[in-house]
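Report on one structure; see the data block that follows.
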Amino acid sequence: KQEVTQIPAALSVPEGENLVLNCSFTDSAIYNLQWFRQDPGKGLTSLLLIQSSQREQTSGRLNASLDKSSGRSTLYIAASQPGDSATYLCAVSGAGNMLTFGGGTRLMVKP
Amino acid sequence: NAGVTQTPKFRILKIGQSMTLQCTQDMNHNYMYWYRQDPGMGLKLIYYSVGAGITDKGEVPNGYNVSRSTTEDFPLRLELAAPSQTSVYFCASRAYTDTQYFGPGTRLTVL
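Which chain is which? The protein sequence lines are Z and F, in order.
Position in the first sequence (first residue = 1) + 376 = this note's numbering.
Position in the second sequence (first residue = 1) + 71 = this note's numbering.
As structure tokens, then:
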């Protein structure tokens, strides 16, 4: 059974810092890995999707990497801003595109 | 496009009551999903559908039922509500690409 772990569970940084969020998964037989953002009381917004054959994806200040063989992914956020404060969820896709989610990292960026 | 809509936003049920959580998408997506999210946790898949008339169980289906009579709608039914079903419920949909689009969620409390 696939298990996804995110470390740290919570993170607080001053504005302007670069930061890294970590995601690990136990079964390397995945189709893709996605990073989502969740704001309090809201649904999930897809940030980046990395196919199993890819090593990284970039969108603006966000860069996600994937090392499938070691079961790891990182989400790098450059020059963090208060508006980046949210919970970030990692999810891996197995058969039938069914997603298995990690518990999330709650990020607080202080002005 | 409204995307994925869910009703109601909030609901309080008594133990043993039943209710239906509504989910509608206007993107003509074949695939639809129901997840639940417990406090501080990631999302877990309850049921999913790959098209009208086709549904299947996810990781935590006990206590729930679904139907998919149209492409647009994917209601989730709770027959005998239990306190363990207190959670936030998210509906999602996708086309043949991998990105899932999420609704805003329904916060359910069973007392």
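Cβ atoms here follow ideal geometry from the backbone N, Cα and C, with glycine treated the same way.
Taking CB distances under 8 Å as the criterion, tell me whether G480/Z reaches chain F. Start at 1 with the first residue of the first sequence, and residue 480/Z comes out as number 104. Yes, G480/Z lies at the interface with chain F (some Cβ there is under 8 Å from its Cβ).
Can you tell me whether M112/F is buried or exposed? The criterion is at least 16 other CB atoms within 10 Å of its CB, across all chains shown. Stepping through the second sequence from its first residue, residue 112/F is reached at position 41. By the neighbour-count rule (16 or more Cβ atoms within 10 Å), M112/F is not buried but exposed.
Between L438/Z and Y452/Z, what straight-line distance do the alpha-carbon atoms span, to the nearest angstrom? Translated into the one-based positions of the first sequence, residue 438/Z becomes position 62. Translated into the one-based positions of the first sequence, residue 452/Z becomes position 76. For L438/Z and Y452/Z, the distance between alpha carbons rounds to 6 Å.
Per DSSP, what are the beta-bridge partners of M484/Z in this structure? Sequence index remark: in the first sequence, residue 484/Z carries index 108 (1-based). M484/Z is bridged to S388/Z.
Note down, in chain order, each residue of its chain lying with its Cβ closer than 7 Å to the Cβ of G176/F, except the 5 sequence neighbours on either side. Here the question's residue 176/F lines up with position 105 in the second sequence. Excluding residues within five positions, the ones whose Cβ falls inside 7 Å are Q77, V159, Y160, F161.
What whole-angstrom Cβ distance do L116/F and Y102/F have, given they're in contact under 8 Å? Locating residue 116/F in the second sequence gives position 45, counting from the first residue. Locating residue 102/F in the second sequence gives position 31, counting from the first residue. Contact flag wrong, Cβ pair sits at about 12 Å.
Between S422/Z and the rest of its own chain, which residues show a CB-CB distance below 7 Å, the 5 nearest in sequence each way excluded? By one-based count along the first sequence, residue 422/Z stands at place 46. Closer than 7 Å at Cβ, skipping near neighbours: Q410, F412.
Please return the same chain residues whose Cβ sits closer than 6 Å to the Cβ of D109/F, not counting the five positions on each side in sequence. Counted from its first residue, the second sequence places residue 109/F at position 38. Once the five neighbours on either side are set aside, the close Cβ partners of D109/F are S158.
Let's see if you can read the secondary structure: which residues bound the beta strand (DSSP E) around R107/F? Numbered from its first residue, the second sequence carries residue 107/F at position 36. Its beta strand (DSSP E) spans residues 102 to 108.
Beta-carbon gap between T91/F and R139/F smaller than 8 Å: Position 20 of the second sequence, counting from 1, holds the residue named residue 91/F. Position 68 of the second sequence, counting from 1, holds the residue named residue 139/F. Going by C-beta atoms, T91/F is not nearer than 8 Å to R139/F.
Could you confirm whether any beta carbon from chain Z is found closer than 8 Å to the beta carbon of D144/F? Walking along the second sequence from the start, residue 144/F turns up at place 73. Not an interface residue.
Give me the chain F residues within the contact set of K418/Z, using Cβ-Cβ distance strictly less than 7 Å, ordered along the chain. By one-based count along the first sequence, residue 418/Z stands at place 42. Within 7 Å Cβ-Cβ: P175.
Are any of the Cβ atoms in chain F nearer than 8 Å to that of L475/Z? The count along the first sequence starts at 1 and reaches residue 475/Z at position 99. Closer than 8 Å: yes.
If you follow the beta strand (DSSP E) that F412/Z is part of, which residue opens it and which one closes it? Position 36 of the first sequence, counted from the first residue, corresponds to residue 412/Z. Start and end: 408 to 414.
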